[in-house]
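Chains as they are written, first to last, in my numbering: chain A, 1 to 323; chain B, 324 to 851.
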Amino acid sequence: MAIVATHDLTKIYGNKVIAVNGVNLTIEEGCVFGLLGPNGAGKTTLLKLLLGLQRPTAGRAEMFGSRVSPNAANIRQRIGYLPTNPKFPPYMSPISYLDLIGQLFGMPAEVRKPRLASLIRAVDLLSAASRPIRSFSTGMTTRLGIAASLLNDPDLLIWDEPTAGLDPAGRKYTLDLIQELGRAKTVIVSSHILSDIDRVCSHVGVLHNGQIIYSGSVRDLKQTIGRNHIEIEVDARDDQVSRFATMLQGMPDIIGYEIRGYWIEIRFRPDAALERPLQDVLRAAAESGAAILSLSSTKAQTEDAFIQLLEADQADGFSRAYN
Amino acid sequence: MDSLGHTTESAEGAGGTPALREDAEGAGGTPALRDGAEGAGRTPASPEGTERPGGTPGSRGARGKRDAYATTPWRRTLLASTALIKADIAQLARSWVLRGWLIALALAEFFTITTTVVGNRGAAIPASMLVTTTLAGFLLVWSTLIIVLSAGSVAPEADIISDSILSRACTRNQFIAAKIISRAGVILAVYGLAAGSTAFVAYRYAAADVTTQTLITSIGIVGLAILLLVALGVLFSVVFNNTVVSVVALLLLWYVASPIFSFMGADYLSPASLIRNLPAMLKDPQAPQVVQCSATETSVSVAFSKHVDPRSAEDPSAYTIESPPGVSHQAETATYDRPKTTVTLSGLTLTAGEKVTVTVRGVTDPGGTTISAASDTATCTVPGGTVTAKQDKGRKPPADRTAPRLTGLEATPSSLRALFSEPLDVATAEDPTHYLIENPIGNRRTARAATYRADTRSVLLSGLELDLAVPVKLTVTEIRDVAGNPVSVRGNSIVHSEVTPWKYVLGFGLPALCACLLAVVWFNRRDL
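Right, here's the structure in full:
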């Protein structure tokens, strides 16, 4: 069952800025969907269109099978939204704010009060529960936003760049939480940070210049580039690296390599079985005196796939309009 | 960084998802969801994510919520709307503009009321003037703060309401309606408190030239003007999405509104016109009348229909006393009895059995309205004791003892049609001199002809030049019904005004309603 479906969704601001351009997107129930795109790609606009906070210039958005509109409170009743760098009434405390939105969700006091208390405890805001929100740091505000998005026990969570402005610890906390929540709910997470999406999402939509240029599973995205692709981090002197590179040149299964300081990116022939060439590479490293510190493929695959998609989108150029 | 890092640290120590995992281990599930779910009597979300309800996780949650949340859409709407209104009132209560206004208003009211109460010991201030001061204050001075409070209702918090309110289960209609209700409610409550307390003091301590009806009507009309101002403020705030622009635009509209209202043919709706008309609206429209007199050999008592100004009533020269006709007497003293609305003229030497005619000139009510020329004379006799004689006493009472009354007045720029309660004697009804026409009140006009129509029991007064922008007052004298009863003193005058309270209700109420609807429509079309 599709929880989100958009049809030629378009948003143009004042006949000046095309923020979202004919987006057709379907998000199935139960997945953790990452909305990926560079800054200014239209991610926040797309999410606001889905929530009915903005009106589409053309096309339509449907959530839970119903058309979204500014007054579609019954749809938002089932959604938990966490905006980027959320802004809350500065004079309110977490208790009074969560109490207010609990009432907006139609929760009676006997349901609302215990619920907000447990959420405040869960996001570790107990000590600040009666403090005005204006005195909160970015991390505390984000945690309050997380609590607010969970108050109505939503079927769908929409979190817009939830790790923005957080330090590494806060970021880890948030990503862990998304993974946890993703087991019970449908989650849409927008981000421009590839590793975040790669870590928590099962599906991804790549938004570029207001258009969805890819939508599918993360695994399929990785498969859009050549699979035989690794990165090696070495601890070696320059002459050892050069010797290692010379030895790589002589290997028949390697179609190319690139040296970036202590990182060496190696591309094998797509049809080659990797066992043998990898053994050759490791042996060459040992012979050249370069100690291998790490060997990875995943990060580079996602990153490359993303960059490849963006490059392909820009290269398609004019013909894109007729697809 | 805040305590987020600390939380993570402890969570990692617990070996799981931070905070939530910490709770989860104690509760055996996803705590944030689970705690609330248990509290609500719902099935908690799957603790480990393995127990998804038949591939449709949303459906079970939705069913649970329907059970636990407000049961009907109406109750849910009511709960949400009440919460929004309460939240906005709480926000207003923190506003320094409102706090400053309340302090300034309290001081101004205290000063006005104290002055009135203290001043009452000397020369009483007319109640109409006192109430006008307060009401005009709202239209002229406090309106600036009302504009700031209402025009700053939406614009300054556009980002906040998008993130924190409208992204939840709240419709825009609900939100904007709550804004209008809370802002109007608070401002009108402040206005009601100030106007009510002033009205009470005016009624109790000031010179009573107002009636309960004129007080309620005037306070209501100004209240409607304030309601219009609030509605326009919220509308401007929504349309311009900038507090400064909204405030400046509304200030310009409000204080330079006269040409606009004149252009629309509704000059009376401009704040300046309203302030000018307030005293007339507040004043009791009935001029004082001489109701009856009674006499002894040394004094004459004159009863008035309402309170009169003691300064004018206690001047003996205001009374002309003739007894017998043609022989004048001058009273030495005139003493006003406020509770009985009676003046006793003393120091007279009258003869028992003689007729006494008292004519009153220049006596005014506390608001300055001069005694009605149509009812400024009374006649009585002086036998040994006090004899009460009504006007025209001595005429044999007819079988029909019901006095005719004026029941209505219709006006055109050149004529008036007076409607009576019963058929009239044609000879008295068609004498134009029996009709005292004032337009505006205090300025006499004369009709060229009076034509009686028996079928409608009305008299058409023609040949007039009337200004219908101001009230027209008609007072009838010497007119009798077919049985010879003179027109009732209590029903011999009537005021016609083109600008009725209903016109104000429509003039302020309808635009206020339109502004509210427009604010809702515009807000619905806005991107947040």
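Using N, Cα and C, we set each Cβ at its ideal position, and we do this for glycine too.
The model shown is predicted, which means the values in this text are computed figures rather than measured ones.
Query                                                                                                                                                                                                : Result
I'd like to check one pair, I3 (chain A) with L82 (chain A): are the Cβ atoms closer than 8 angstroms?                                                                                               : no
So if I threshold CB-CB distances at 9 angstroms, which residues from the region 455-486 of chain B count as touching chain A?                                                                       : E480, D482, I483, I484, S485, D486
Contact criterion: CB-CB distance below 8 angstroms. Does T566 (chain B) meet it with respect to chain A?                                                                                            : no
What is the DSSP secondary structure of I470 (chain B), counted as helix, strand or coil?                                                                                                            : helix
Exposed or buried, what is N15 (chain A) when buried is set at 16 or more other beta-carbons lying within 10 Å of its beta-carbon?                                                                   : exposed
Would E753 (chain B) and Y775 (chain B) be called neighbours here (beta carbons separated by less than 8 angstroms)?                                                                                 : yes
Would you kindly check if the distance between the Cβ of V810 (chain B) and the Cβ of A726 (chain B) is under 8 angstroms?                                                                           : yes
Measure the beta-carbon distance from G210 (chain A) to L151 (chain A) and round it to whole angstroms, keeping in mind my assumption that it falls under 8 angstroms.                               : 32 angstroms between Cβ atoms; not a contact.
How would you label S737 (chain B), buried or exposed, when you count the other beta carbons within 10 angstroms and need 16 or more for buried?                                                     : exposed
What residues in the region 489-500 of chain B bring their beta carbon closer than 7 angstroms to a beta carbon of chain A?                                                                          : L489, S490, R491, A492, C493, T494, R495, N496
Which residues bound the beta strand (DSSP E) around L784 (chain B)?                                                                                                                                 : 781-785
According to the Cβ coordinates, are T680 (chain B) and P648 (chain B) closer than 8 angstroms?                                                                                                      : yes
Taking contact to mean at least 3 C-beta pairs separated by less than 8 angstroms, is the region 230-243 of chain A in contact with the region 280-299 of chain A?                                   : yes
Under the three-state reduction of DSSP, which class applies to D239 (chain A): helix, strand or coil?                                                                                               : helix
If contacts are defined as beta-carbon pairs under 8 angstroms, then V683 (chain B) and V613 (chain B) qualify, I think. What distance do you get, rounded to the angstrom?                          : 5 angstroms
Leaving out five residues on either side along the sequence, give the residues of the same chain with a beta carbon under 8 angstroms from the beta carbon of L125 (chain A).                        : P94, M140, R143, L144, A147
State buried or exposed for I510 (chain B), treating a residue as buried only when at least 16 other CB atoms are found within 10 Å of its CB.                                                       : buried
Ignoring anything shorter than 3 residues or poking outside the region 652-708 of chain B, list the beta strand (DSSP E) runs there in chain order.                                                  : 656-660, 665-669, 677-683, 700-705
Measuring from the CB of T621 (chain B), is there a heavy atom of the ligand ZN at a distance below 7 angstroms?                                                                                     : Because no ligand of any kind appears in the structure shown, any question about the ligand ZN cannot be addressed here.
Mapping the DSSP letters down to three states, classify Q536 (chain B) as helix, strand or coil.                                                                                                     : helix
For a quick check, are the C-beta atoms of A626 (chain B) and P639 (chain B) less than 8 angstroms apart?                                                                                            : no
Can you check whether the C-beta of G377 (chain B) is within less than 8 angstroms of a C-beta belonging to chain A?                                                                                 : Confidence in G377 (chain B) is poor, its pLDDT being 34 and thus under 50, which makes the residue's placement unreliable; the coordinate value appears in the next sentence. So no, G377 (chain B) is outside the interface.
Measure the alpha-carbon distance for T540 (chain B) versus A701 (chain B) and round it to whole angstroms.                                                                                          : 34 angstroms
Does K43 (chain A) come within less than 8 angstroms of chain B when only Cβ atoms are used?                                                                                                         : no
To the nearest angstrom, how far is the alpha carbon of V843 (chain B) from that of D850 (chain B)?                                                                                                  : 13 angstroms
Out of curiosity, what's the CA-to-CA distance linking G543 (chain B) and T537 (chain B)?                                                                                                            : 10 angstroms
Distance cutoff 8 angstroms, beta carbons only. Does P834 (chain B) sit that close to anything in chain A?                                                                                           : no
What residues in the region 531-561 of chain B have a beta carbon less than 7 angstroms from any beta carbon of chain A?                                                                             : none
Since V828 (chain B) sits in a beta bridge, which residues does DSSP pair it with?                                                                                                                   : Paired residues: none, contrary to the question.
So R399 (chain B) contacts chain A; which residues on that side make the cut at Cβ distance below 7 angstroms?                                                                                       : G106
Return no unless some Cβ of chain B is closer than 8 angstroms to the Cβ of F88 (chain A).                                                                                                           : yes
Under a CB-based cut-off of 8 angstroms, is Q55 (chain A) close to chain B?                                                                                                                          : The amino acid occupying residue 55 (chain A) in the given sequence is Arg; Gln does not appear at that position. Cβ-Cβ to chain B under 8 angstroms: yes for R55 (chain A).
Might you give, ordered along the chain, the residues of its own chain that have their beta carbon closer than 7 angstroms to the beta carbon of L841 (chain B), omitting 5 neighbours on each side? : L558
Would you tell me roughly how many angstroms separate the C-alpha atoms of V571 (chain B) and S476 (chain B), rounded to the nearest one?                                                            : 14 angstroms
Name, in chain order, the residues that DSSP records as bridge partners for E761 (chain B).                                                                                                          : B:R767, B:K796
Put G256 (chain A) into one of helix, strand or coil per three-state DSSP.                                                                                                                           : strand
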